[in-house]
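Written out below as structure tokens is the structure these notes cover.
2 protein chains.
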Amino acid sequence: MTDFETIGLNAVEAKKELSCSSVDLRNSALMLIADSLEKHKRDILEQNRIDVKTAEKTGMSDTMTDRLYLNEKRILDMADGVRKVAALPDPVGIIEGGEIRPNGLRITKISVPMGVIGIIYESRPNVTVDAGVLCLKSGNAVILRGGKEAIYTNTILAMIMRDAVAEAGLPTDSVQLVEDVTRHSAEQMMKANGVIDLLIPRGGAGLINAVVQNATVPVIQTGTGNCHIYVDSSASIPMAVDIVDNAKTSRPSVCNAAETLLVHKDIAEDLLPALKKRLDKSKVELRGCELTKMILGKSVVPATEEDYEKEFLDYILAVRVVDNIYEAIEHIQKYSSGHSECIVTESVSAAEEFQKRIDAAAVYVNASTRFTDGYEFGLGAEIGISTQKLHARGPMGLREMTTYKYIITGNGQIR
Amino acid sequence: MTDFETIGLNAVEAKKELSCSSVDLRNSALMLIADSLEKHKRDILEQNRIDVKTAEKTGMSDTMTDRLYLNEKRILDMADGVRKVAALPDPVGIIEGGEIRPNGLRITKISVPMGVIGIIYESRPNVTVDAGVLCLKSGNAVILRGGKEAIYTNTILAMIMRDAVAEAGLPTDSVQLVEDVTRHSAEQMMKANGVIDLLIPRGGAGLINAVVQNATVPVIQTGTGNCHIYVDSSASIPMAVDIVDNAKTSRPSVCNAAETLLVHKDIAEDLLPALKKRLDKSKVELRGCELTKMILGKSVVPATEEDYEKEFLDYILAVRVVDNIYEAIEHIQKYSSGHSECIVTESVSAAEEFQKRIDAAAVYVNASTRFTDGYEFGLGAEIGISTQKLHARGPMGLREMTTYKYIITGNGQIR
Chain A
1 MTDFETIGLN AVEAKKELSC SSVDLRNSAL MLIADSLEKH KRDILEQNRI
51 DVKTAEKTGM SDTMTDRLYL NEKRILDMAD GVRKVAALPD PVGIIEGGEI
101 RPNGLRITKI SVPMGVIGII YESRPNVTVD AGVLCLKSGN AVILRGGKEA
151 IYTNTILAMI MRDAVAEAGL PTDSVQLVED VTRHSAEQMM KANGVIDLLI
201 PRGGAGLINA VVQNATVPVI QTGTGNCHIY VDSSASIPMA VDIVDNAKTS
251 RPSVCNAAET LLVHKDIAED LLPALKKRLD KSKVELRGCE LTKMILGKSV
301 VPATEEDYEK EFLDYILAVR VVDNIYEAIE HIQKYSSGHS ECIVTESVSA
351 AEEFQKRIDA AAVYVNASTR FTDGYEFGLG AEIGISTQKL HARGPMGLRE
401 MTTYKYIITG NGQIR
Chain B
1001 MTDFETIGLN AVEAKKELSC SSVDLRNSAL MLIADSLEKH KRDILEQNRI
1051 DVKTAEKTGM SDTMTDRLYL NEKRILDMAD GVRKVAALPD PVGIIEGGEI
1101 RPNGLRITKI SVPMGVIGII YESRPNVTVD AGVLCLKSGN AVILRGGKEA
1151 IYTNTILAMI MRDAVAEAGL PTDSVQLVED VTRHSAEQMM KANGVIDLLI
1201 PRGGAGLINA VVQNATVPVI QTGTGNCHIY VDSSASIPMA VDIVDNAKTS
1251 RPSVCNAAET LLVHKDIAED LLPALKKRLD KSKVELRGCE LTKMILGKSV
1301 VPATEEDYEK EFLDYILAVR VVDNIYEAIE HIQKYSSGHS ECIVTESVSA
1351 AEEFQKRIDA AAVYVNASTR FTDGYEFGLG AEIGISTQKL HARGPMGLRE
1401 MTTYKYIITG NGQIR
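As structure tokens, this is what we get:
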């Protein structure tokens, strides 16, 4: 492939056919991709070894290298994931509404693909297939721009997808990979107005912030989760312990993990020791307010303002004792990234107040924040979790990768 | 009011109450605004005279001055418009979907206000009330930043709204006007991440482009309409003449007016003379391709590439004869701004093909493009017409001024 201008033109050309293709064609492309991934697993592993070796040579951390690394199982899982997307219902052509107006105009609102979606992402090569396939399924041409550390792996994965798309009879350029992995190509994507209808950054806070700051094309901001759990005075203590433990320790590196615990003062003396006992099993570091320290003793690190602001993504939990639910709500309003917030309570009124006043994509009563996920929400798949309010909020599935148009039929109406 | 930072903090504070206020409170604020506009019409006219005088002194064009100018009737119309918005259904708290998951989690997707909406607009002072009231109705705090030419009028209108909002028992800062009308304040709004959830520019192409280029907050791009009418070989000629005439001449300055006519070659010799006769009545200048000139003679100005690209917003129509529907579709794909496109045809197949392949907010068969409008679509009101695909497309009513959140209730579920 070639410079970004050509990639852009190719995508615009490809979307014309792709966006009005039948779902049967799109699904057959997906099935061919799945088959081809399995068939070429050795070739993929070979290319992946080159990336992994380079990573090791340049002293990349073990965690990062692991994200880059593929093995046979990971490839088979990838293929399996593609077949699952093929089995999902078509998000295109759904009639979302409409009416016959008094003047006889028949207005129908119908879901259609966005057109061209750009994805800028970091090391994980599975995003290449994941994002590519979700875009194809939803009738969108996709421009993929992965990190340079995965370029060999991404190149073969993109090639496999392009071949399968062509074999299915869809435009080859429905899937394109930007091979120029300099900062320049990312910047070109951010400014590709008239070409890219939607740009989704997937990766760390630095990447997402750079895209939000610099893009002139429409962007969906994803993935920052400074999630809170508030344990109300009326809460069941065993339930609260289970939920906080699960939300913090089941997978601390993901955006729906809990970062701060707020505890009503009337329950703090009972809850905190029980909770600490549980969290000690996973060696969770607690950073607490004065009262937390008084209850739990010296092992608790004092919490700073920064601790409340931070998405630890680690075995660390900030803890603050509050006077009442309103102080908890105020804390969350101040520090929340609008991702997932939870109250543990037996009081219907407290639950209602919390769900009404908290402004986040997902507001939980008595369940772990870890459920904020496309699969768990029944969307079947997700391209990311939006933390903005425009267009999509929370898990974005196939439906959120479409827009709509109005088709209007008349018999000569003028105004 | 004071510097933008304070305005931002005030808005964030105000939205906390406003966003979960009852629709009765919001409607009573609207009714008080309507009453107060009528009661203070003399004061408003007095302030408006200052703006109009300044405009005349600085040599503003008559068209611009007319947009600025208020009289008693225009104020009464404004009040009337506010009452109509009060009568519309509440867009907040609508349950958009949900399910009980296999694990027992009850997930409900519910419409909620965006939070804080910023509007940057030009001379028309009626936008101040219009936008202010639509934001209030949809539970959004609004930051209004009008043009300096209307500052006296906007100031009194904002004051009237703020007083009414306070009288109704809602936070006064639900409505704020930016009194610093320098470029600086507009730039601050464009970068107010964490404060402004949605920024809507309303005005000419220059303003909209500046916002799209510079904003880091989510933006809805509105209002550019390079709309086409394609007259197919099977079209009814009288219907085509009526539709083209209406779409071009009923109000040429608006975004849903037609700018280019495409005509199938088999009907061109019959249609074009009849159409020219009709358009001559409104002194429409035709800019045509070679074939158009051959049919209509020397009075037709030759069309340039630029004519096809341009939104004339005037009594000018570009005309091109095409070989078939695919040449028409290709032309539209190349030049369309994605606003409103129309085919006039008696062929079901041509109508289907056109509505399927054209990627625009509104795709018409046998009706004037002038219907792309919130009122005509049955939305009751509109804050603008989106020409982007993210979030909202075409006329944006109250529903499009909301986002959603998921409220999830469990009984201790962990993952």
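Sequence order for the protein chains is A and B.
For the first sequence, this note's numbering begins at 1 and goes up steadily by one.
For the second sequence, this note's numbering begins at 1001 and goes up steadily by one.
Backbone N, C-alpha and C define an ideal beta-carbon position, used for all residues, glycine too.
Less than 8 Å between the CB atoms is what I'm expecting for residue i and residue j, so what's the real figure, rounded?
i, j, result
"Val52 (chain A)", "Leu76 (chain A)", "Going by Cβ atoms, the distance from Val52 (chain A) to Leu76 (chain A) rounds to 18 Å, so no, they are not a contact pair."
"Ile120 (chain A)", "Ala186 (chain A)", "6 Å"
"Ala301 (chain A)", "Arg287 (chain A)", "Here residue 301 (chain A) turns out to be Val, not Ala, going by the sequence shown. Indeed, because the Cβ distance is near 5 Å, the residues count as touching under 8 Å."
"Phe4 (chain A)", "Gln188 (chain A)", "4 Å"
"Leu1045 (chain B)", "Leu1070 (chain B)", "6 Å"
"Ala11 (chain A)", "Asp173 (chain A)", "6 Å"
"Ile196 (chain A)", "Val217 (chain A)", "5 Å"
"Val142 (chain A)", "Val175 (chain A)", "6 Å"
"Ile941 (chain B)", "His1391 (chain B)", "Coverage of chain B is limited to positions 1001 through 1415, which leaves residue 941 (chain B) absent and any answer about it impossible."
"Asn1256 (chain B)", "Arg1370 (chain B)", "5 Å"
"Ala55 (chain A)", "Thr65 (chain A)", "5 Å"
"Val1023 (chain B)", "Asp1130 (chain B)", "Not a contact, Cβ separation roughly 19 Å."
"Ala1350 (chain B)", "Ile1325 (chain B)", "5 Å"
Find out if the Cβ-Cβ distance for the pair residue i, residue j is shorter than 8 Å.
i, j, result
"Ala1416 (chain B)", "Thr1182 (chain B)", "Given a span of 1001 to 1415 for chain B in the structure shown, any question on residue 1416 (chain B) remains unanswerable."
"Ile1229 (chain B)", "Leu1261 (chain B)", "yes"
"Lys248 (chain A)", "Val284 (chain A)", "yes"
"Asn226 (chain A)", "Glu269 (chain A)", "no"
"Ile1385 (chain B)", "Thr1222 (chain B)", "yes"
"Val1178 (chain B)", "Val1133 (chain B)", "no"
"Gly1169 (chain B)", "Val1092 (chain B)", "no"
"Ser233 (chain A)", "Asp266 (chain A)", "yes"
"Asp307 (chain A)", "Pro252 (chain A)", "no"
"Val231 (chain A)", "His184 (chain A)", "no"
"Thr1224 (chain B)", "Thr1387 (chain B)", "yes"
"Ile117 (chain A)", "Leu198 (chain A)", "yes"
"Ile107 (chain A)", "Phe1377 (chain B)", "yes"
"Val1344 (chain B)", "Ala1235 (chain B)", "yes"
"Lys334 (chain A)", "Gly1115 (chain B)", "no"
"Glu1149 (chain B)", "Ser1111 (chain B)", "no"
"Glu1072 (chain B)", "Lys1039 (chain B)", "no"
"Thr48 (chain A)", "Met78 (chain A)", "This sequence places Asn at residue 48 (chain A); Thr is not what is there. Contact: no."
"Asn1246 (chain B)", "Arg415 (chain A)", "yes"
"Leu272 (chain A)", "Ile237 (chain A)", "no"
"Gln1413 (chain B)", "Ser368 (chain A)", "yes"
Across the region 1236-1243 of chain B and the region 1392-1411 of chain B, are there enough close Cβ pairs to call them in contact, namely three or more that are closer than 8 Å?
no
Counting only runs that start and end within the region 1333-1362 of chain B, where is the alpha helix (DSSP H) found for 4 or more residues in a row?
1348-1357
When you compare the region 1328-1343 of chain B with the region 1355-1362 of chain B, are there three or more beta-carbon pairs, one atom per stretch, that lie closer than 8 Å?
yes
Counting Cβ pairs closer than 8 Å, one from the region 1012-1020 of chain B and one from the region 388-403 of chain A, do we hit at least three?
no
Considering only residues of the region 1353-1407 of chain B, which uninterrupted beta strand (DSSP E) runs meet the minimum length of 3 residues and lie entirely inside it, listed in chain order?
1362-1367, 1384-1386, 1394-1396
Threshold first: 3 residues or longer. Then list the beta strand (DSSP E) segments lying entirely within the region 1185-1254 of chain B, N to C.
1198-1202, 1227-1231
Contact list for the region 346-369 of chain A against chain B, Cβ threshold 9 Å:
Ala351, Gln355, Lys356, Arg357, Ile358, Asp359, Ala360, Ala361, Ala362, Val363, Tyr364, Val365, Asn366, Ala367, Ser368
Where in the region 1270-1333 of chain B do unbroken runs of the beta strand (DSSP E), each at least 3 residues long, occur, reported from the N-terminal end onward?
1285-1288, 1316-1322
Given 8 Å as the limit, is there contact between the region 1098-1107 of chain B and the region 1020-1036 of chain B, that is, 3 or more CB pairs closer than that?
no
I want to know whether the region 1319-1330 of chain B touches the region 1287-1303 of chain B - three or more CB-CB distances under 8 Å.
yes
Select from the region 1003-1026 of chain B all residues with a C-beta closer than 9 Å to any C-beta belonging to chain A, and list them in chain order.
Val1012, Lys1015, Lys1016, Ser1019, Cys1020
Report the residues of the region 160-186 of chain A with a CB closer than 7 Å to any CB of chain B, ordered along the chain.
none
May I ask you to list, following chain order, the residues of the region 89-105 of chain A that have a beta carbon less than 7 Å from some beta carbon of chain B?
Glu99, Arg101, Leu105
Select from the region 1214-1234 of chain B all residues with a C-beta closer than 7 Å to any C-beta belonging to chain A, and list them in chain order.
Thr1216, Pro1218
Report the residue ranges of all beta strand (DSSP E) runs contained in full by the region 68-151 of chain A; include only those spanning at least 3 residues, in chain order.
95-100, 106-113, 116-121, 141-145
Going along the chain, which residues of the region 1232-1255 of chain B sit with their C-beta nearer than 7 Å to a C-beta in chain A?
Met1239, Asp1242, Ile1243, Asn1246, Ser1250
Taking any Cβ of chain A, which residues in the region 1379-1407 of chain B have a Cβ under 7 Å from it, in chain order?
Gln1388, Lys1389, Leu1390, His1391, Arg1393, Gly1394, Thr1403, Tyr1404, Lys1405, Tyr1406, Ile1407
Name, going along the chain, the residues of the region 1101-1131 of chain B whose beta-carbon falls closer than 8 Å to a beta-carbon of chain A.
Arg1101, Leu1105, Ile1107, Val1112, Met1114, Gly1115
Could you run through the region 1312-1325 of chain B and flag, in chain order, every residue whose CB is less than 9 Å away from some CB of chain A?
none
Chain A contacts from the region 1268-1297 of chain B (Cβ-Cβ distance under 9 Å)
none
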